[in-house]
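Chemist:
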Amino acid sequence: MGSALASDHVYLPDTVSTAAKILVVGHFAVGKTTFVGTLSEIRPLRTEETLSEAGAHIDDLAGVPEKSTTTVAMDFGRLTLSEELVLYLFGAPGQKRFTRLWRDMTHGALGALVLADTRRLDQSFDVMGLLEEHAVPYAVAVNRFDDAPSYPDEEIREALDLLPETPLVTCDARDRISSTHALIALVQYLQTRLAQENM
Ligand SMILES: Nc1nc2c(ncn2[C@@H]2O[C@H](COP(=O)(O)OP(=O)(O)O)[C@@H](O)[C@H]2O)c(=O)[nH]1
Ligand SMILES: [Mg+2]
């Protein structure tokens, strides 16, 4: 992964003609910053702020003792897929107070990967609701935490009230290959939708 940050990756080749915007979304501490950081070939831009007493009532840290910072804005990463195509990854918080940011961020986005945590599946509804509101197609990736229970896909689908066509995968946001597979599941879904729309 060190090589992904090699200096020859910092500048985009001038052959790149298409940029695609993909969102990586989910509730607090679900692994968005980790996911974007794992996949980005440039050192990801991130805006994190130490949780303050003032914010303690807003960002619920219950059950996530390892977490001492919360993202207040966005993560941004880049992944060059071919000589012509580059993906921009935008990690965004699901907190409802970022409504304005959501409107801007969803503009031009091809789709979103919703990260979910089986310990707190109910907390994914806000973010899925926001995506539906903004008509952004999405796939769901359960980010595996060591102490999180694992459930059969069918139960997760039911708990999240997913449409039958919505892809559901599991990933480890710390792992490049696993995160890539989650991204591929989303892109394949977007391609299928596009093909159906053009039929
Ligand atoms: N065990 C495990 N821990 C993870 C995984 N992804 C993220 N974490 C940890 O979970 C915490 C929250 O992740 P972070 O990326 O900051 O969440 P964000 O608030 O959604 O950006 C961090 O301490 C990460 O190191 C994962 O796939 N497995
Ligand atoms: Mg974050």
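53 is the number that UniProt numbering gives to position 53 of the sequence shown; each next residue is one higher, with no gaps.
In this text, a Cβ means the ideal position worked out from N, Cα and C, and glycines have one as well.
Computed from a predicted model, the values in this text were never measured in an experiment.
Go ahead and pull the three-state DSSP assignment for Arg43.
Modeler: If DSSP states are grouped into helix, strand and coil, Arg43 belongs with coil.
Chemist: Tell me the DSSP bridge mates of Thr80?
Modeler: BP columns for Thr80 point to Val86.
Chemist: Would you call the segment 71–90 and the segment 27–45 touching, i.e. three or more CB-CB distances under 8 Å?
Modeler: Contact holds: three or more Cβ-Cβ distances are below 8 Å.
Chemist: Give me the DSSP bridge partner(s) of Lys21.
Modeler: Paired residues: Tyr88, Ala109.
Chemist: Tell me which same chain residues have a C-beta within less than 7 Å of the C-beta of Ser17, skipping the five on either side of it?
Modeler: If we look at Ser17 and ignore the five residues flanking it on each side, its Cβ neighbours are Glu84.
Chemist: Kindly indicate which three-state DSSP category Ala195 falls into: helix, strand or coil?
Modeler: DSSP places Ala195 in helix when its eight states are reduced to three.
Chemist: Pick helix, strand or coil for Asp153, following the three-state DSSP scheme.
Modeler: Asp153: helix per DSSP, three-state reduction.
Chemist: Looking only at its own chain, which residues have a Cβ that is under 8 Å from the Cβ of Ile184, when we skip the five neighbours before and after it?
Modeler: Closer than 8 Å at Cβ, skipping near neighbours: no residue.
Chemist: Does the Cβ-Cβ distance between Lys32 and Gly108 come in under 8 Å?
Modeler: Result no, Cβ atoms of Lys32 and Gly108 do not sit closer than 8 Å.
Chemist: Under three-state DSSP, which class holds Thr33?
Modeler: Three-state DSSP puts Thr33 in a helix.
Chemist: At which residues does the alpha helix (DSSP H) containing Val127 begin and terminate?
Modeler: Residues 125–133.
Chemist: Looking at C-alpha atoms only, which residue of Asp104, Asp117, Phe125 is the closest neighbour of Gly94?
Modeler: The residue with the shortest Cα to Cα distance from Gly94 is Phe125.
Chemist: Quick check: the Cα distance between Ala92 and Asp172, rounded to an integer number of angstroms?
Modeler: Approximately 18 Å, taken between the alpha carbons.
Chemist: Excluding five sequence neighbours on each side, which residues of the same chain lie with their C-beta closer than 6 Å to the C-beta of Gln123?
Modeler: His27, listed in sequence order.
Chemist: Taking the CB atoms as reference points, tell me whether Val114 and Val187 lie closer together than 8 Å.
Modeler: For Val114 and Val187, no; Cβs fall outside 8 Å.
Chemist: Hey, is Asp126 close to ligand 1, as in C-beta under 7 Å from one of its heavy atoms?
Modeler: No - ligand 1 has no heavy atom lying nearer than 7 Å to the Cβ of Asp126.
Chemist: If we count the other Cβ atoms within 10 Å of its Cβ and call it buried at 16 or more, is Tyr138 buried or exposed?
Modeler: With 16 or more Cβ atoms within 10 Å of its Cβ, Tyr138 is classed as buried.
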